[in-house]
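Colleague:
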Amino acid sequence: MKRLSLLLLLCLAQSAMAEHVKNINPNYSEGSNRKVEKLNQATEVLRDPPLALDKIKQTITDAGDTNKPSSPPSPIKDPTQINGSFNDALRRLSTNRSGNQSANKLPEISLSAKTYSEDGKNTSAILSINDKLYFIKPGGGFSFMQDNEIYQVQVESIDLHSVRIRLLPMNEILILR
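Note that the sequence shown covers residues -18 to -1, 1 to 159 in mature numbering (1 follows the signal peptide of the UniProt record, and there is no 0).
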């Protein structure tokens, strides 16, 4: 009996000494009027199902309008073709490394293979430059390095009897047959 009364006394003393927290729920505290207003708005929407559906439809249409592009997307460019900014970077790099243009030595370039069609769809060629093969099409181009110099080859045209290329940085036009 002593143990039970001692346990009861200990429980009462602990609850009397414990720290009491007034507002456990922050939504209903006096300082959070905005949260209570938002909660009231949310419960108002939930009480009226047609109003909830109208708000959901409006949200979906608003989200759909913002995701639509104002203009059609641009076509995807061929990643194997060199763009203008890369060409500029190559020119700057090659002109910085070479003091004079006469010091450039022309690489060994030969025509290994060529296909030609009248409509131009399947026209292509294979160039051999310093024992490496490069596949080209009309209007295309590529770059290579020789003796710490960056050279760029631009394909001018591929016709029945020849392939015409421009070799940069020397800006020379070569006709390969």
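Here a beta-carbon is modelled for each residue, glycine too, at the ideal position from N, C-alpha and C.
With three or more beta-carbon pairs closer than 8 Å as the criterion, would you say the region 140 to 149 touches the region 89 to 106?
Modeller: With a cut-off of 8 Å, the region 89 to 106 and the region 140 to 149 count as touching, because enough Cβ pairs lie within range.
Colleague: Under 8 Å Cβ to Cβ from residue -12, same chain only, skipping five residues before and after it: list those, please.
Modeller: There are no such residues.
Colleague: With H, G and I counted as helix, E and B as strand and the rest as coil, what does DSSP make of residue 96?
Modeller: If DSSP states are grouped into helix, strand and coil, residue 96 belongs with the strands.
Colleague: Between residue 121 and residue 137, is the Cβ-Cβ spacing less than 8 Å?
Modeller: A contact, by the Cβ cut-off of 8 Å.
Colleague: Which one of 53, 41, 131 and 105 has the shortest CA to CA distance from residue 75?
Modeller: It is 131 whose Cα lies nearest to the Cα of residue 75.
Colleague: Given that a residue counts as buried once 16 or more other Cβ atoms are within 10 Å of its Cβ, and exposed if not, what is residue 71?
Modeller: Flag for residue 71 reads exposed.
Colleague: In this structure, how does DSSP classify residue 134 when only helix, strand and coil are distinguished?
Modeller: Note: residue 134 maps to strand in three-state DSSP.
Colleague: With a threshold of 8 Å on Cβ separation, who are the neighbours of residue 161 within its own chain once the five nearest residues in sequence on each side are excluded?
Modeller: Residue 161 is absent from the structure shown; the chain starts at -18 and stops at 159.
Colleague: Which two residues bound the contiguous beta strand (DSSP E) that contains residue 123?
Modeller: Start and end: 123 to 128.
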